[in-house]
Amino acid sequence: MNDMPVESIRMVRDHMAVVVDRAERDGEPTVITRRGKEVAAVVPIELLRRYQRFEEQEIARIVRERMGGSEPGIPLAQVMAETLARPE
Numbered sequence: 377m378n379d380m381p382v383e384s385i386r387m388v389r390d391h392m393a394v395v396v397d398r399a400e401r402d403g404e405p406t407v408i409t410r411r412g413k414e415v416a417a418v419v420p421i422e423l424l425r426r427y428q429r430f431e432e433q434e435i436a437r438i439v440r441e442r443m444g445g446s447e448p449g450i451p452l453a454q455v456m457a458e459t460l461a462r463p464e
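Residue numbers (the working numbering): 377 to 464.
Okay, here's the thing in structure tokens:
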């Protein structure tokens with residue numbers, strides 16, 4: 377994924393259909409930059425959905441792991457913070 381297209385926000389604004397077509401047709405994400413800094417991405421919808429499923433499964437796994445232990449309960453907010461802090 378390191379070689380995915382990188383486009384300026386100006387180019388994306390002027391040629392959004394090209395970027396969306398690339399995601400839909402080729403399944404390829406496009407990184408969007410603003411003043412040279414990566415700020416967003418246009419990704420194929422299936423990639424987003426897979427990520428969301430993975431995130432939900434990871435949260436459920438952590439909850440099961442925590443509930444199965446002998447330690448006192450942990451607030452859901454802490455579980456969510458731990459999940460979001462884990463590297464991909």
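Positions of the beta carbon are idealized from the N, C-alpha and C atoms, including for glycine. Computed from a predicted structure; not experimentally measured.
- Counting along the chain, Glu383 sits inside no alpha helix (DSSP H); it lies in the beta strand (DSSP E) bounded by residues Val382 to Ser384.
- Within the same chain, Val382, Val407 and Ile408 come within 8 Å of Glu414 by CB-CB distance, once the 5 residues on both sides are set aside.
- Per the Cβ contact rule, the segment 440 to 456 is not in contact with the segment 424 to 431 (fewer than 3 Cβ pairs under 8 Å).
- Scanning its chain for C-beta atoms nearer than 7 Å, with the 5 sequence neighbours on each side dropped, one finds around Arg410 the residues Ile385, in chain order.
- Checking the DSSP bridge columns, you'll see Arg425 has no partner listed.
- When rounded, the separation of the alpha-carbon atoms in Gly449 and Val455 is 10 Å.
- In the DSSP assignment, Val407 falls within the unbroken beta strand (DSSP E) covering Thr406 to Arg410.
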